[in-house]
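Q: My questions all concern the structure below.
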Amino acid sequence: MSMKRIFTLIVCVSTLAAAQDAAKPADQAPPPAASQKEQKEQKDQSVGTLRGIFGKKGKPVVNPEEEAKRKAEIQSQIDALPKQGAPMLDEAGKQMLDPDARPMFNPAPKPLRDKHGEPRLDEHGKLLLQTKDNLGYDEHGKKLKAVKEKEPKKVPVTIEQGTLTVDGWTGKARLNYDIADLKYLYIYAPGIGNTVISGAPFEGAIEQKNAFDGKTLTVSVSEHTLQLASEKPLLHQKHPASAYVRVDREYTMSSRFPVMGYGTLRRPPYAWPGAKAVSTTAPDLPKEVKPTLAAPKPVAVPPPAPTAKPSGPGTDSKR
């Protein structure tokens, strides 16, 4: 409706009201003043009329009891939501663990809210939930945006024909590992425990500066020295780097020899992936340093002792 027609309509209504007032008798008493409730109803009616003229819909009148019942039903659906999300599984369908060996779960489901902070429902009155791409609004009507987590920098490590020594003694040799992203390196030695090594700080670890130095990794554990030497640089960088070391002295393995591995856990149960299909035993000693075993000496066997002949009645004797 154009503004010209609206003004024309208002003028006509005013003229009609003035004519009705002029037609009333002069001695007629004025109508009694409306109560406060009636004034409010008239005001709401007038506002609804103006909204109808300008093409706007008035706010629907809702029964307070029905509104309370509706909110109670929505709240019951919210209360019924699980407090914990579904377990996080890896590609093999196994439960994923965080670095402290605790099970990992997806975020708990939350209701999807509109810009007024009210929970949204589908056509059947069922509560809609947030999705990864649609978080909706919070309870105060603020738009929620998905936080993009920055991917941590990867630490590739290459071990080629490596040798693991404990206090200068060779524990393993010809080790070959190609680690795309090192989280934690494990070196187990009997009597020492499992030494957990990382290139980044973690809880309970002690920094050992310049531990990664070119082709070697050297860490000290109490009075012991663990060293890993490779034919190629371990880290893909030129300058030395610190290592963060924690020793799990309570961890034991059935092996009598040192064991090396890597994984994503810094607490037991540790993951021990296998190396490449090469020998991981200590190198054979050269012939010139091999000990020569002496031939065993013959042991003299004493002759059997003579046995006494039986005597007495009923025995035969030579005459």
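Read in order, the letters of the sequence shown are residues -19 to -1, 1 to 300 in mature numbering (1 follows the signal peptide of the UniProt record, and there is no 0).
Think of the CB as a built atom: it goes at the ideal place given N, C-alpha and C, for glycine as much as any other residue.
All of these numbers come straight from a predicted model, not from anything done at the bench.
Measuring straight from C-alpha to C-alpha, what distance separates K164 and Q56?
A: Reading the sequence shown from its first residue, position 183 is the one you call residue 164. Reading the sequence shown from its first residue, position 75 is the one you call residue 56. Near 44 Å, if we compare the C-alpha coordinates of Q56 and K164.
Q: With DSSP collapsed to three states, give me the class of Q111.
A: Within the sequence shown, numbered from 1, the residue matching residue 111 stands at position 130. Looking at Q111 - three-state DSSP - the assignment turns out to be coil, as it is neither helix nor strand.
Q: Go through its chain and collect everything with a Cβ distance to G174's Cβ below 6 Å, but skip five positions before and after it.
A: To locate residue 174, count along the sequence shown from 1; it is residue 193. Excluding positions up to five away in sequence, the list reads V228, D229, R230, Y232.
Q: Roughly how many whole angstroms lie between the Cα atoms of Q111 and N87?
A: Within the sequence shown, the letter at position 130 stands for residue 111. Within the sequence shown, the letter at position 106 stands for residue 87. Spanning the two alpha carbons is a distance of roughly 13 Å.
Q: What do you get for S203, buried or exposed, if any count of 16 or more other CB atoms within 10 angstroms of its CB means buried?
A: Reading the sequence shown from its first residue, position 222 is the one you call residue 203. Exposed.
Q: So I140 is in the beta strand (DSSP E); what residue range does that whole segment cover?
A: Within the sequence shown, residue 140 is the residue found at index 159, counting from 1. I140 -> beta strand (DSSP E) spans 138 to 147.
Q: For the region 159 to 226, which segments carrying the alpha helix (DSSP H) assignment without a break, of at least 4 residues, lie completely within its bounds, in sequence order?
A: none
Q: Report yes if the CB atom of V200 is closer than 8 Å to the CB atom of Q218, and no otherwise.
A: Counting from one through the sequence shown, the residue named residue 200 turns up at place 219. Counting from one through the sequence shown, the residue named residue 218 turns up at place 237. In this structure, Q218 does not lie closer than 8 Å to V200 by Cβ.
Q: According to the neighbour-count rule (16 or more other Cβ atoms, all chains shown, within 10 Å of its Cβ), is M241 buried or exposed?
A: For the purposes of this step, residue 241 is taken as the residue at position 260 of the sequence shown. Answer is buried; the Cβ neighbour count reaches 16.
Q: Are the beta-carbon atoms belonging to P221 and F193 less than 8 Å from one another?
A: Counting from 1 along the sequence shown, the entry for residue 221 is found at position 240. Counting from 1 along the sequence shown, the entry for residue 193 is found at position 212. For P221 and F193, yes; Cβs fall inside 8 Å.
Q: Do you know how far the Cα of S235 is from the Cα of K213?
A: If you number the sequence shown from 1, residue 213 lands on position 232. If you number the sequence shown from 1, residue 235 lands on position 254. So the two alpha carbons sit approximately 31 Å from each other.
Q: Determine the DSSP secondary structure at R101, reduced to helix, strand or coil.
A: Numbered from 1 along the sequence shown, position 120 holds the residue referred to as residue 101. R101 falls in the coil class under three-state DSSP.
Q: Measuring straight from C-alpha to C-alpha, what distance separates G172 and T144?
A: Position 191 of the sequence shown, counting from 1, holds the residue named residue 172. Position 163 of the sequence shown, counting from 1, holds the residue named residue 144. Cα to Cα, the separation comes out at about 20 Å.
Q: Would you check if there are 3 or more beta carbon pairs closer than 8 Å linking the region 44 to 56 to the region 69 to 83?
A: no
Q: Where does A61 sit, in a helix, a strand or coil, going by DSSP?
A: On the sequence shown, residue 61 is found 80 positions in, with the first residue counted as 1. Coil.
Q: What are the residues that DSSP puts in a beta bridge with G242?
A: Counting from one through the sequence shown, the residue named residue 242 turns up at place 261. Its beta-bridge partners are Y167.
Q: Considering Cα atoms alone, identify which of Q208, K50, L102 is closest to G195.
A: Here residue 195 corresponds to residue number 214 of the sequence shown, with the count starting at 1. Of the listed residues, the one whose Cα sits closest to G195 is Q208.
Q: Find out if the Cβ-Cβ distance for the pair P90, G106 is shorter than 8 Å.
A: As a position in the sequence shown, residue 90 is number 109, starting the count at 1. As a position in the sequence shown, residue 106 is number 125, starting the count at 1. No, the pair does not count as a contact, with Cβ atoms beyond the cut-off.
Q: DSSP three-state call for P89: helix, strand or coil?
A: As a working note, residue 89 is residue 108 in the sequence shown. It should be pointed out that residue 89 corresponds to Ala in this sequence rather than to Pro. When DSSP states are grouped into helix, strand and coil, A89 belongs to the coil group.
Q: Taking C-alpha atoms, which residue in K153, P100, Y169, V136 lies nearest to D159?
A: What you label residue 159 is simply residue 178 of the sequence shown in a count that begins at 1. Measuring from the Cα of D159, the nearest candidate turns out to be V136.
Q: Could you check if P92 is buried or exposed, using at least 16 other CB atoms within 10 Å of its CB as the buried criterion?
A: Working through the sequence shown from its first residue, we reach residue 92 at position 111. Its Cβ being crowded by 16 or more others within 10 Å, P92 is buried.
Q: With a threshold of 7 Å on Cβ separation, who are the neighbours of M69 within its own chain once the five nearest residues in sequence on each side are excluded?
A: As a first step, residue 69 must be located in the sequence shown, where it is residue number 88. M77, M85, F86, N87, listed in sequence order.
Q: Return the bridge partner residues of R94 from the DSSP annotation.
A: Position 113 of the sequence shown, counted from the start, is the residue given in the question as residue 94. In DSSP, R94 forms a bridge with P100, Y118.
Q: Among S223, H121, L166, E47, which one has its Cα closest to the Cα of I187?
A: Taking the first residue of the sequence shown as 1, we reach residue 187 at position 206. Nearest of S223, H121, L166, E47 to I187, Cα basis: S223.
Q: So for R247, helix, strand or coil by DSSP?
A: Here residue 247 corresponds to residue number 266 of the sequence shown, with the count starting at 1. Coil.
Q: Based on Cα-Cα distance, which residue from T197, E130, T146 lies nearest to V138?
A: What you label residue 138 is simply residue 157 of the sequence shown in a count that begins at 1. That would be T197, whose Cα lies nearest to the Cα of V138.
Q: E132 to T146, Cα distance in whole Å?
A: Along the sequence shown, read from residue 1 onward, the residue named residue 132 stands at position 151. Along the sequence shown, read from residue 1 onward, the residue named residue 146 stands at position 165. So the two alpha carbons sit approximately 35 Å from each other.
Q: Sort out for me which residues DSSP pairs D229 with in a bridge.
A: Within the sequence shown, the letter at position 248 stands for residue 229. According to DSSP, which records beta bridges pairwise, D229 is partnered with N175.
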